[in-house]
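Residue numbers (the working numbering), protein chains in the order written: chain W, 1 to 167; chain C, 1001 to 1762; chain E, 2001 to 2314.
Just so it is clear, CB atoms sit at the ideal spot from N, CA and C, and this is done for glycine as well.
The model shown is predicted, which means the values in this text are computed figures rather than measured ones.
Note sheet for the following structure.
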């Protein structure tokens, strides 16, 4: 139909990096990143909840930026570097953000926690000492129904300190 | 002492489920998959009320990749469920009564095929008149939704003569209060995996608050022995009462048994909204009067609840509301009437607070209005009318007496927020349209299911062959911190190390039936179980150790890692638990079972144990927009000893957040039986931006000498007093009495002061 | 396992043009079966809610040269239509020169959605919250119609686009914000900045149903320049919110031009806003509430511009 524009049909081979490993995934170009992660790669840390980007339970980093995996289509990930909650823990242990959530009790049922941790991680990468306004804005897309956010506020503050003291 | 990390010292611990939750490695039941797994979907009604003329599944069955299409014809046992009264059809046969009613279910090789199959099922409906208003539902000429009529349940409680009482009153306040259809909005929607096992049994991996109740209900539907069904029910991505009743389990189970293959069902958010439970919307009319001194003389209440199409726990919720519209005050004359009406609206049912949220909003609203009428300070007015220790409960039933009421009253009276209110001076700000106010509310909140309802409790301690101390309960972990609380109790009461302990919950094949994880009861019942188990378990453990070591049992004690001598506290281990487990002798195992303590009354639903709570709230009203912000909260909670500081704080903070949503942002709107709010883009639960204010929690731990009941529940009490406190703060700030939730900003708006005559800034 | 389990029988084709011409040709070839897509956040919401079906062809414009940048052009600051909302939110020049727009961005969705969603998509929805701020800056749209670029004022396009059944095959290339005045301090939110002898004042408000990540109920923007003598020299007022297509409230603006900000003027504008702002009702907020809110916010901002409590009556 068009001689110039690239046409992506099904099956589509998505080539991207997930948690540092290269992946070639056969899928549909419009398949949602959330189902690619959960169903194809068995990475279930990103959770299925609202599926319209209104809760943040499926938050992942794409090239370091937090995005809702439920809103992201396969072709939008081509050549990108994707980090899920499973990619945050290192051989040396948990990320300081994860430690802070455990120490302060920044979670209860835990279903929002992977997405919440991802958003905090992205915030602190771009703003290591965020103001309360910045914290509220950065986490406004992550709904937690259990904690009332008290433990989450404390966890973010502690993570800021933790990162500062660790260098 | 305020509850926070610093004040909790070593009792503030990392939860045992923490690492799995912060790393995403914890597998929820909706994350499970199996080889050759099928995907299940349920076809639900397009209409709130209709006769089913014809259901045709032929085309769907022919679709390639479809493995089963089930309807009411395919239910081997009872085609109905419901905890209290099974009147909700698994699959509707003749009539659909709400937009969540199930008509058919499909299992297919992929979600896409299952979805397509649903679209191929042809259903012909003959539309019936929609009963979307509980008041209309109770009129004699309304379409009747059930053979027994549209009144699911009626309650009444009277004493004295209210008509005569009002005649003696100097001040009378009459008001009608409305509360919203609130959605639990657990982040994990309903779902699970249903596996037919090679030996003919069925394993159900699906969240619930009472695995044995699910097992009983499924056995009834499947016509299978209960022992052939295993229900695995934790971990749970939030419940708040919403997953206590069956949801997708009947469909998953039927599809798995029909196909012989594992079936996964995981509701989309919209499916969860349309089919799931909500908090009962209530209309509560109150007329309350005092004498000239402010003593309550008469209190007349009329409660109307919209219970939706089927029973579930609607009757029990109304009982609870009936008790809590009376609450912690003394009246000379009392008349309470309640009705819960069937409608074609969404299903109402169990939700944290269980009818107390609505009742307390109304009751505390009356107290504030009366105090103002009397020109009394509202907190002093409450004190004047409060039940005394030793007084009976709201239904005049005997209760476990504590000083809780006076304790939480005094805590708020002395709180910085309340002192700020009493000593406030008028200040002119540069934004005079922002007005702040402070309000408070108070309650006694019942725990347990109440008199007349089976409320079993119990648990087990055993020494496993590998030397782990196993604590085995049928309670569930849905985020509240049950595992952490149990671990801490075992450490503190028995001297174990965390590594010595293995907690086993949420699996009907291995746990005893210790009742449901509802009604703020689980922590109290675990505490009580351990109290009862302690002596026999110590006896067995130390007795065995004694015979191994040749040391008298009374010289030995349990400790971290194993058995030590009582003397020389830090001395070396005499025997590890593993060595103890491998020694000769009978299995070391202790069970206990008992009933949740109940009042000696004949009033069904009346409670025996209460948690007392009072809350002060500071809020601001922007009169340009009518929007309300909660700036600060102070919670005083008298519930006995704090079992788990982090969990306690989390329950109060989290409960208060739900109450804030109930007061300000949340309403599952329905129009003519259809949901308007279908997802989280329009149904708005609080975000972190709603929660920028300080929340202070003061636990009051002391109990009367000789109290044998220990910790009272705190799972619900954080969520029941915040809304009336916000309403009082709004009155204080903007001079408007709010009687309908969520607060309508239109009621709080005003013309900018500079446009008013004289430019009055007040 | 392959990715087929979530593939619908009709997974759309995705076209990835590199130029506006290619995109146009794709659109012509697909006709009504194809749509332009950039971030896709709004489309996803509509597909998931069942309001719209996923079409057979998606024309991904995010790879087109020139649509992803923010730069100064002849007519003003140019925002490529595929620039993400979050890139706008934090762009230094926008923060400095067009703070009403960055404030509008702050209040749209949440950062993660803003990383995907684009300014073009927000405008093309015709009810995006950025539009109210863009109207206050008198923004223009630059389209590609298959042959050439066309420039159109946002105020002129909106009424046409709001007509039911409106369709447009044109590709939105960029949004142009005129660089009025020269001083960087102008237009600072809720703060009077002096530029030469003139004083500039601006504010944007979004009122929703919760504090963050909320659909709007009312959006309002006010941008005013006062002479040394305190007379209103220029005034732009825009309001929208919810499903209301944002519009300039030009009669209210005319009421103010050349006047001192005093109680009489504020009262006149207050009444005028109530007459000419025509918000759409929905199940959550009445028209009366929206009118009162818009009028309150607009006159209060003007009152503040006039000096607030200190300048009262002056």
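Within 10 angstroms of the Cβ of residue 1140 (chain C), are there 16 or more other Cβ atoms? Answer buried if so, exposed if not. To locate residue 1140 (chain C), count along the second chain from 1; it is residue 140. Looking at its Cβ environment, which holds fewer than 16 other Cβ atoms inside 10 Å, residue 1140 (chain C) is exposed.
The alpha helix (DSSP H) that contains residue 1384 (chain C), what's its start and end? Counted from its first residue, the second chain places residue 1384 (chain C) at position 384. Taken as a continuous stretch (DSSP letters only), the alpha helix (DSSP H) holding residue 1384 (chain C) covers 1378 to 1385.
DSSP-derived helix/strand/coil call for residue 1360 (chain C): Here residue 1360 (chain C) corresponds to residue number 360 of the second chain, with the count starting at 1. Residue 1360 (chain C): helix per DSSP, three-state reduction.
Name the chain C residues whose beta carbon is nearer than 9 Å to that of residue 2204 (chain E)? The residue labelled residue 2204 (chain E) in the question sits at position 204 within the third chain. In chain order: nothing, as chain C lies at least about 14 Å away.
Residue 2292 (chain E) CB to nearest chain C CB: under 7 Å? Working through the third chain from its first residue, we reach residue 2292 (chain E) at position 292. It does; some Cβ of chain C falls within 7 Å.
Buried versus exposed, by CB contacts within 10 Å (16 or more), residue 1259 (chain C): Along the second chain, one-based indexing puts residue 1259 (chain C) at 259. With 16 or more other Cβ atoms inside 10 Å of its own Cβ, residue 1259 (chain C) counts as buried.
How about residue 11 (chain W): is its C-beta nearer than 7 Å to some C-beta of chain C? The residue you call residue 11 (chain W) lines up with position 11 of the first chain. At least 7 Å separates the CB of residue 11 (chain W) from every CB of chain C.
Measure the C-alpha to C-alpha separation of residue 147 (chain W) and residue 1753 (chain C) and round it to an integer number of angstroms. In the first chain, counting from the first residue as 1, residue 147 (chain W) sits at position 147. In the second chain, counting from the first residue as 1, residue 1753 (chain C) sits at position 753. When rounded, the separation of the alpha-carbon atoms in residue 147 (chain W) and residue 1753 (chain C) is 39 Å.
When you compare the CB of residue 1596 (chain C) with every CB in chain E, is at least one pair closer than 7 Å? To locate residue 1596 (chain C), count along the second chain from 1; it is residue 596. No - not a single Cβ of chain E is within 7 Å of the one on residue 1596 (chain C).
Skipping 5 residues on each side, what residues in its chain have a beta carbon closer than 8 Å to that of residue 2098 (chain E)? Position 98 of the third chain, counting from 1, holds the residue named residue 2098 (chain E). Counting only residues of its own chain and dropping the five nearest sequence neighbours on each side, residue 2098 (chain E) has a CB closer than 8 Å to the CB of 2077, 2133, 2137, 2177, 2187.
I'd like the list of long-range same chain contacts for residue 1002 (chain C), defined as Cβ closer than 8 Å, with 5 residues on each side in sequence excluded. To locate residue 1002 (chain C), count along the second chain from 1; it is residue 2. Excluding the 5 residues flanking it on each side, residue 1002 (chain C) has same chain C-beta neighbours closer than 8 Å at 1696, 1697, 1698, in chain order.
So, using beta-carbon positions, are residue 1693 (chain C) and residue 1631 (chain C) closer together than 7 Å? Within the second chain, numbered from 1, the residue matching residue 1693 (chain C) stands at position 693. Within the second chain, numbered from 1, the residue matching residue 1631 (chain C) stands at position 631. Yes, the Cβ-Cβ distance between residue 1693 (chain C) and residue 1631 (chain C) is below 7 Å.
In three-state DSSP terms, what is residue 2015 (chain E)? For the purposes of this step, residue 2015 (chain E) is taken as the residue at position 15 of the third chain. DSSP, read as helix, strand or coil, puts residue 2015 (chain E) in strand.
Spell out whether any CB of chain C is found under 7 Å from the CB atom of residue 2079 (chain E). On the third chain, residue 2079 (chain E) is found 79 positions in, with the first residue counted as 1. By this cut-off, residue 2079 (chain E) is not an interface position.
Out of curiosity, what's the CA-to-CA distance linking residue 1409 (chain C) and residue 1360 (chain C)? In the second chain, the residue the question calls residue 1409 (chain C) occupies position 409. In the second chain, the residue the question calls residue 1360 (chain C) occupies position 360. If you take the alpha carbons of residue 1409 (chain C) and residue 1360 (chain C), they lie about 16 Å apart.
How would you call residue 2182 (chain E), buried or exposed, if buried means at least 16 neighbouring beta carbons within 10 angstroms? Here residue 2182 (chain E) refers to the residue found at position 182 of the third chain. Because the pLDDT at residue 2182 (chain E) is just 40, under 50, the model does not fix this residue reliably, and the value given afterwards should be weighed accordingly. The residue is exposed, with fewer than 16 neighbouring Cβ atoms inside 10 Å.
How would you label residue 2278 (chain E), buried or exposed, when you count the other beta carbons within 10 angstroms and need 16 or more for buried? Residue numbering aside, residue 2278 (chain E) sits at position 278 when the third chain is read from its first letter. So residue 2278 (chain E) ends up on the exposed side.
Taking Cβ to Cβ, would you say residue 1188 (chain C) is nearer than 7 Å to residue 1237 (chain C)? Taking the first residue of the second chain as position 1, residue 1188 (chain C) is located at position 188. Taking the first residue of the second chain as position 1, residue 1237 (chain C) is located at position 237. Residue 1237 (chain C) is positioned such that its CB atom lies closer than 7 Å to that of residue 1188 (chain C).
Within this structure, are the beta carbons of residue 1770 (chain C) and residue 1487 (chain C) separated by less than 7 Å? Look at the range of chain C in this structure, 1001 to 1762, and you will see that residue 1770 (chain C) is not part of it.
Can you list the residues of chain E that residue 1012 (chain C) reaches, using a CB-CB cut of under 7 Å? Translated into positions along the second chain, residue 1012 (chain C) becomes position 12. Within chain E, no residue has its beta carbon less than 7 Å from that of residue 1012 (chain C); the closest one is some 30 Å off.
Taking its Cβ as the centre, do 16 or more other Cβ atoms sit within 10 Å of residue 2163 (chain E), making it buried, or is it exposed? By one-based count along the third chain, residue 2163 (chain E) stands at place 163. Exposed, by the Cβ-count rule.
Looking at residue 1326 (chain C) and residue 1782 (chain C), is the spacing between their C-beta atoms short of 7 Å? Outside the modelled stretch of chain C, which goes from 1001 to 1762, sits residue 1782 (chain C), for which no answer is possible.
Interface partners of residue 2236 (chain E) on chain W, CB under 8 Å: Indexing the third chain from 1 puts residue 2236 (chain E) at position 236. Residues of chain W passing the Cβ test: none, with the nearest at roughly 27 Å.
With a CB to CB cut of under 6 Å and the five nearest residues on each side skipped, what residues in its chain are close to residue 1434 (chain C)? By one-based count along the second chain, residue 1434 (chain C) stands at place 434. Taking C-beta separations shorter than 6 Å and ignoring five residues to either side along the sequence, the partners of residue 1434 (chain C) in its chain run 1620, 1622, following chain order.
Using the beta-carbon of each residue, which ones in chain C are nearer than 9 Å to residue 140 (chain W)? Here residue 140 (chain W) refers to the residue found at position 140 when the first chain is read from its first residue. Per Cβ cutoff of 9 Å: 1687, 1688, 1689.
Around the C-beta of residue 1306 (chain C), are 16 or more other C-beta atoms found within 10 angstroms, so that it is buried, or is it exposed? Here the question's residue 1306 (chain C) lines up with position 306 in the second chain. Flag for residue 1306 (chain C) reads buried.
Starting from residue 2143 (chain E), trace the beta strand (DSSP E) in both directions and tell me its first and last residue. The count along the third chain starts at 1 and reaches residue 2143 (chain E) at position 143. Residue range 2140 to 2144 is occupied by the beta strand (DSSP E) that includes residue 2143 (chain E).
Any Cβ of chain E within less than 7 Å of the Cβ of residue 1749 (chain C)? Locating residue 1749 (chain C) in the second chain gives position 749, counting from the first residue. For residue 1749 (chain C), the answer is yes, since a Cβ of chain E falls inside 7 Å of its Cβ.
Exposure label - residue 109 (chain W); buried when at least 16 CB within 10 Å: Locating residue 109 (chain W) in the first chain gives position 109, counting from the first residue. Counting the other Cβ atoms within 10 Å of the Cβ of residue 109 (chain W) gives 16 or more, which makes it buried.
Applying the 10 Å Cβ sphere with the 16-neighbour rule, what's the burial state of residue 2046 (chain E)? By 1-based counting over the third chain, the position of residue 2046 (chain E) is 46. By the 10 Å Cβ count, residue 2046 (chain E) comes out exposed.
Name, in chain order, the residues that DSSP records as bridge partners for residue 1308 (chain C). Taking the second chain and counting its residues from 1, the one referred to as residue 1308 (chain C) is at position 308. DSSP lists C:1342 as the bridge partner or partners of residue 1308 (chain C).
What are the boundary residues of the beta strand (DSSP E) that residue 66 (chain W) is part of? Within the first chain, residue 66 (chain W) is the residue found at index 66, counting from 1. In the DSSP assignment, residue 66 (chain W) falls within the beta strand (DSSP E) that extends over 65 to 68.
Considering only the beta carbon of each residue, do residue 2101 (chain E) and residue 2143 (chain E) sit closer than 7 Å? Numbered from 1 along the third chain, position 101 holds the residue referred to as residue 2101 (chain E). Numbered from 1 along the third chain, position 143 holds the residue referred to as residue 2143 (chain E). Judged by beta-carbon spacing, residue 2143 (chain E) lies beyond the 7 Å limit of residue 2101 (chain E), meaning their Cβ atoms are not closer than that value.
Indicate whether at least one CB of chain E lies closer than 7 Å to the CB of residue 1048 (chain C). Counting from one through the second chain, the residue named residue 1048 (chain C) turns up at place 48. Not one beta carbon of chain E lies nearer than 7 Å to the beta carbon of residue 1048 (chain C).
Roughly how many whole angstroms lie between the Cα atoms of residue 1646 (chain C) and residue 1578 (chain C)? As a position in the second chain, residue 1646 (chain C) is number 646, starting the count at 1. As a position in the second chain, residue 1578 (chain C) is number 578, starting the count at 1. The alpha-carbon atoms of residue 1646 (chain C) and residue 1578 (chain C) are separated by roughly 31 Å.
Can you list the beta strand (DSSP E) stretches of 3 or more residues lying completely in the stretch 65 to 148 of chain W, in chain order? Correct list: 65 to 68, 81 to 83.
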